[in-house]
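S.K.: Submitted below is the structure of interest, expressed as structure tokens.
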Ligand code: AHR
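Residue numbers (the working numbering): 11 to 511.
Right under this line is the structure:
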């Protein structure tokens, strides 16, 4: 029997709730249909926002939402999305399917959505095709309380009080779709653009995020920090609060992503191997950040992550609509455990994307809505939000194929404000159940409860069978006389256990 040894005395740091964040882009059916249906829709809505989706996201405890992109962000001109809807400019969404964007969902609508969700606001600004003035005015429009051209315009558009903007991204993927820049060039633009992301006296100033690397582009991280580091060191707060990282899991590489639902054991383990790469990326980008920011004041913001497969057959290739199976659930389980364990550096993450795109937690079809296996992982892991990471040691075995070997178990452990311990464990094996004994350094388990998500590796929910995979109470555990806990976790499963000592 494998052992998980937990040192309940050793708190390693706070797990920032925003690690459990999400991303919504003007892409496919994410915003329109998925989140926003308009006030005149027959689909039940509050001010145009789908009631069913908002309720499910609140239940999942969504902490922060990023918008409007993605690649869309560096093409987005925010003034096109304010004022009377009839007069808002229309544009072509060149990145995503060449469809008409009527700008009926803009700044006011996004703020309304975040208000209904009760989540923090992460706005991504336009560096690729936007001006410094445009970015500066957007921040003024959203956050200034006094008399000024932009604050007055906001009032004219029906919003008296400023909104709270928690995070502001200075461009997106500026090494690629956000302008194809070199790191030195972008580093200098970052210095300039961020200057005008003013702090208008919000209670907590807007936190600025610098565009970081794609996957393992360590050169980008090094050069951007080298170009900005004199400021990074002098003015840590107010200059750069986060550096982003984007990493998508494609089991067969970018050219051969494969089907989201039709895959075999080889692809399963290849996908798990790719998911584990997140750990190496955080360590290596983190090492570079340590040389410029040894006190870890700048967060590594993994503001795009998740599985990216082929689109569902028959759907618009530009809409990136994909299904979501137990494989996605295990990838999410592994990744969130990695983030928890690196909470000293990872301060926010945003899985891509919230509804109807890539690794979504929700899929919709007309009035119908289904929750994906990934939804349940976020729901089961929500107890880690703002909890203290605890020291834990897990005995694992390497499993997989000749090509790829991965640890059989993923885990992380935290203690919440009431002193309850939360353990999240995933059994990555598609065939073998796993017996685990959980031991505590000094105390004994007094009471516990657990939930599980499990199913065949390809199992997923559909609009015809919406509850094939769902979180269920789990009874496959017992507390021993010595105060340890013995669990038998089925193959292909994720468990959340809450323990009172
Ligand atoms: O999430 C889809 C796209 O992936 C985003 O728009 C872009 O930032 C990334 O390349």
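Idealized CB from N, CA, C, for every residue including glycine.
Spatial neighbours of residue 18 within its chain, please: C-beta separation below 8 Å, excluding the five flanking residues on both sides.
M.R.: Only 400, 425, 431, 450, 451, 452, 453 and 511 meet the Cβ criterion.
S.K.: What residue from 459, 357 and 319 has the CA that sits closest to residue 486's CA?
M.R.: Ranking the options by Cα distance to residue 486, first place goes to 459.
S.K.: Write down every uninterrupted run of the beta strand (DSSP E) in the stretch 341 to 417 whose length is 3 residues or greater and which is fully enclosed by it, in chain order.
M.R.: Listed in chain order, they are 356 to 362, 372 to 375, 378 to 381, 398 to 404, 408 to 410 and 415 to 417.
S.K.: Would you mind working out which of 262, 272 and 307 sits nearest residue 239, comparing C-alpha positions?
M.R.: When each option's Cα is compared against that of residue 239, the closest is 307.
S.K.: Would DSSP call residue 249 helix, strand or coil?
M.R.: It is helical.
S.K.: Does residue 456 come out as helix, strand or coil in the three-state DSSP assignment?
M.R.: Here residue 456 sits in coil by DSSP.
S.K.: List in chain order: all unbroken alpha helix (DSSP H) runs of 4+ residues lying wholly within the stretch 60 to 120.
M.R.: Counting only runs of 4 or more, we get 61 to 69.
S.K.: So residue 149 is in the beta strand (DSSP E); what residue range does that whole segment cover?
M.R.: Not the beta strand (DSSP E): residue 149 falls in the alpha helix (DSSP H), residues 142 to 153.
S.K.: Got a sec: is the Cβ-Cβ distance from residue 466 to anything in chain D below 8 Å?
M.R.: This model lacks chain D altogether; it includes just one protein chain.
S.K.: What does DSSP give as the partner residue(s) for residue 12 in the beta ladder?
M.R.: Partner(s): 446.
S.K.: With DSSP collapsed to three states, give me the class of residue 324.
M.R.: Three-state DSSP puts residue 324 in coil, outside helix and strand.
S.K.: Here's the rule: buried if 16 or more other CB atoms are within 10 angstroms of the residue's CB, otherwise exposed. What is residue 272?
M.R.: When all chains shown are included, residue 272 counts as exposed.
S.K.: Using a threshold of 8 Å, state whether the C-beta atoms of residue 130 and residue 180 are closer than that.
M.R.: Taking 8 Å as the Cβ cut-off, residue 130 and residue 180 do not qualify as a contacting pair.
S.K.: How is residue 124 classed by DSSP in three states: helix, strand or coil?
M.R.: The answer is helix: DSSP assigns residue 124 an H, G or I state.
S.K.: Can you grab the Cα-Cα spacing for the pair residue 29 / residue 345, in whole Å?
M.R.: About 10 Å.
S.K.: So, helix, strand or coil for residue 437, using DSSP?
M.R.: Reduced to three states, the DSSP call for residue 437 is strand.
S.K.: Would DSSP call residue 329 helix, strand or coil?
M.R.: Here residue 329 sits in helix by DSSP.
S.K.: From this set, 277, 183 and 364, which residue's C-alpha is nearest residue 336's C-alpha?
M.R.: Among 277, 183 and 364, the Cα nearest to that of residue 336 is on 277.
S.K.: Since residue 316 and residue 368 are thought to touch, with beta carbons under 8 Å apart, how far apart are those beta carbons, to the nearest angstrom?
M.R.: Indeed they touch by this definition, with Cβ atoms about 5 Å apart.
S.K.: CB of residue 187 to nearest heavy atom of ligand 1: below 7 Å?
M.R.: Within the cutoff, so yes.
S.K.: If you follow the beta strand (DSSP E) that residue 509 is part of, which residue opens it and which one closes it?
M.R.: Per DSSP, residue 509 belongs to the beta strand (DSSP E) from 503 to 510.
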